[in-house]
Ligand code: GDP
Ligand code: GDP
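Numbering (the working numbering), first residue to last: 295 to 747.
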């Protein structure tokens, strides 16, 4: 085995399991109660790497684990508190991070020592959270010590689960309990909806929206206005592109060439807003023969702010000559710098040029919108990134990134837990590198920083 493999081997092979979001299990407890020993047990490592010195800094990362075919991520929160000598404040901070990031929390108590004031401080915080908390009485190495575990009922967290992390006693039962307490179904935001993907075709008046819709519908000859007895909303168009059916939302006005009566910009922008919100991905049409305008920018912002996937289509490409091309390139650099991540297609609704590129671009954007990086991978990535380019030092100290997690998809949302405020510039640097290394093509992404004081 090479060093490389040792570094990436953070647990069992999970490649055959369904690619659902792995729930996060956080292990909380005072130094020396046996958290890392327990983590090693949970992830199925034979050799526990345990430091004997209390409070020694360990470079801890989240680990992928599998039990009964269910994949999850185990995080040892202890490493976040390198100088915590069991102080109540330190364990309280751990508990708060666990509440914010985990789906299930394991509180480890050293049953040989019993519950201390610091343990009780953690219990008070965990009590307030809505997350399931599993109380582990560790170091119950034999049947005789089970009474020590029973004493922990007094904490009010329910049944203490007696475990010997060191010898493995009770760890299988504990894993069953952990699985039992995991969220049954994935969060609503990654439940895959059935039916055609929903597309909004938007852009300022006269960019060619209805021409494009007619072109797309005409070419593939599958337009459904309304289907009796189905849930198809009559204002939508079902169009087959590249052997998939897509639902173009709120296209009634475009299709019938009934242009908005007054055409006020305010009204147009409301229509755009409702179409974008009803959609998963938006195609923003720009007129390539004209300068990118403020109105174009507003439509683009509506899509980004709504958190939808985005494809930019430069229409009327048949009118673009070499001269125009030169200026357009410069406009793109200047005006679209904040959304370089959106796939771009150069099309002509009139001639049909390159409209076949639309469906692949939509698929790419939707894939980026739904992309998820496992917690373990994300944290290895962020430690590497920070080691290579640390946060600038402010007042003699640099804030540390303790943990990073992807809190959601559609669009991807990330949370960075830090030991202090991060420079906005550094956050942008992280976002840029996240895109460089993982893609997220076609999707806005959000990074939230939670700084611990
Ligand atoms: P952490 O600081 O909470 O991560 O604790 P460690 O996992 O480093 O364990 C601290 C010490 O407790 C080590 O010497 C372990 O070998 C020991 N330990 C951990 N689990 C058990 C257990 O179940 N029984 C006994 N007897 N010792 C344990
Ligand atoms: P909408 O207001 O965004 O729905 O735009 P329309 O589809 O009504 O198009 C506005 C005008 O642009 C019409 O005169 C179209 O014929 C013209 N147009 C649309 N697409 C193209 C194109 O690809 N090339 C050219 N040259 N003209 C186009």
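Don't be surprised by glycine CBs; every beta carbon is placed ideally from N, CA and C.
Note that this is a predicted model, so its numbers are computed, not measured.
Exposure label - residue i; buried when at least 16 CB within 10 Å
{"i": "residue 636", "result": "buried"}
{"i": "residue 621", "result": "exposed"}
{"i": "residue 624", "result": "exposed"}
{"i": "residue 588", "result": "exposed"}
{"i": "residue 553", "result": "Because residue 553 carries a pLDDT of 48, less than 50, the predicted location of this residue cannot be relied on, and the following value inherits that uncertainty. Flag for residue 553 reads exposed."}
{"i": "residue 678", "result": "exposed"}
{"i": "residue 395", "result": "buried"}
{"i": "residue 564", "result": "exposed"}
{"i": "residue 726", "result": "exposed"}
{"i": "residue 631", "result": "exposed"}
{"i": "residue 362", "result": "exposed"}
{"i": "residue 458", "result": "buried"}
{"i": "residue 329", "result": "buried"}
{"i": "residue 670", "result": "buried"}
{"i": "residue 780", "result": "Here the chain covers residues 295 to 747 and nothing more, so residue 780 does not appear."}
{"i": "residue 619", "result": "exposed"}
{"i": "residue 531", "result": "buried"}
{"i": "residue 492", "result": "buried"}
{"i": "residue 470", "result": "exposed"}
DSSP bridge partner residues for residue i (one or two, in chain order)
{"i": "residue 712", "result": "695 and 745"}
{"i": "residue 402", "result": "430"}
{"i": "residue 640", "result": "608"}
{"i": "residue 597", "result": "Residue 597 is not bridged to any residue."}
{"i": "residue 277", "result": "Nothing can be reported for residue 277, as the shown portion of the chain is limited to 295 through 747."}
{"i": "residue 456", "result": "431"}
{"i": "residue 700", "result": "708"}
{"i": "residue 647", "result": "Beta-bridge pairing links residue 647 to no other residue."}
{"i": "residue 320", "result": "369 and 399"}
{"i": "residue 577", "result": "495 and 605"}
{"i": "residue 541", "result": "492 and 532"}
{"i": "residue 740", "result": "707"}
{"i": "residue 688", "result": "691"}
Within 9 Å, strictly: CB atoms of residue i and residue j
{"i": "residue 723", "j": "residue 688", "result": "no"}
{"i": "residue 421", "j": "residue 427", "result": "yes"}
{"i": "residue 337", "j": "residue 368", "result": "yes"}
{"i": "residue 495", "j": "residue 545", "result": "yes"}
{"i": "residue 649", "j": "residue 473", "result": "no"}
{"i": "residue 333", "j": "residue 358", "result": "no"}
{"i": "residue 605", "j": "residue 736", "result": "yes"}
{"i": "residue 571", "j": "residue 607", "result": "no"}
{"i": "residue 425", "j": "residue 393", "result": "yes"}
{"i": "residue 643", "j": "residue 609", "result": "yes"}
{"i": "residue 442", "j": "residue 415", "result": "no"}
{"i": "residue 398", "j": "residue 320", "result": "yes"}
Residue i to residue j span [Cα, whole Å]
{"i": "residue 389", "j": "residue 438", "result": "30 Å"}
{"i": "residue 734", "j": "residue 707", "result": "11 Å"}
{"i": "residue 718", "j": "residue 452", "result": "43 Å"}
{"i": "residue 562", "j": "residue 548", "result": "12 Å"}
{"i": "residue 616", "j": "residue 654", "result": "27 Å"}
{"i": "residue 444", "j": "residue 432", "result": "12 Å"}
{"i": "residue 693", "j": "residue 742", "result": "15 Å"}
{"i": "residue 356", "j": "residue 461", "result": "22 Å"}
{"i": "residue 744", "j": "residue 569", "result": "33 Å"}
{"i": "residue 342", "j": "residue 465", "result": "Residue confidence is low: residue 342 scores 42 on pLDDT, short of 50, so the model does not pin down where it sits. No coordinate-derived value is stated."}
{"i": "residue 699", "j": "residue 579", "result": "34 Å"}
{"i": "residue 436", "j": "residue 575", "result": "58 Å"}
{"i": "residue 447", "j": "residue 705", "result": "42 Å"}
{"i": "residue 731", "j": "residue 316", "result": "21 Å"}
{"i": "residue 400", "j": "residue 364", "result": "17 Å"}
{"i": "residue 353", "j": "residue 534", "result": "Because residue 353 sits at a pLDDT of 45, beneath the cut-off of 50, its placement in the model cannot be relied upon, and the following sentence gives the value as read from the coordinates. Answer to the nearest angstrom: the Cα atoms are 52 Å apart."}
{"i": "residue 489", "j": "residue 739", "result": "25 Å"}
{"i": "residue 566", "j": "residue 720", "result": "34 Å"}
{"i": "residue 529", "j": "residue 639", "result": "26 Å"}
{"i": "residue 597", "j": "residue 541", "result": "17 Å"}
{"i": "residue 590", "j": "residue 497", "result": "7 Å"}
{"i": "residue 585", "j": "residue 728", "result": "31 Å"}
{"i": "residue 612", "j": "residue 500", "result": "15 Å"}
{"i": "residue 477", "j": "residue 318", "result": "10 Å"}
{"i": "residue 657", "j": "residue 408", "result": "56 Å"}
{"i": "residue 536", "j": "residue 577", "result": "16 Å"}
{"i": "residue 583", "j": "residue 614", "result": "6 Å"}
{"i": "residue 697", "j": "residue 712", "result": "7 Å"}
{"i": "residue 434", "j": "residue 387", "result": "27 Å"}
{"i": "residue 581", "j": "residue 652", "result": "16 Å"}
{"i": "residue 413", "j": "residue 668", "result": "30 Å"}
Taking 6 Å as the limit, tell me which residues put their C-beta closer than that to any heavy atom of ligand 2, in chain order. 497, 499, 500, 501, 502, 503, 504, 505, 548, 609, 610, 612, 613, 642, 643 and 644
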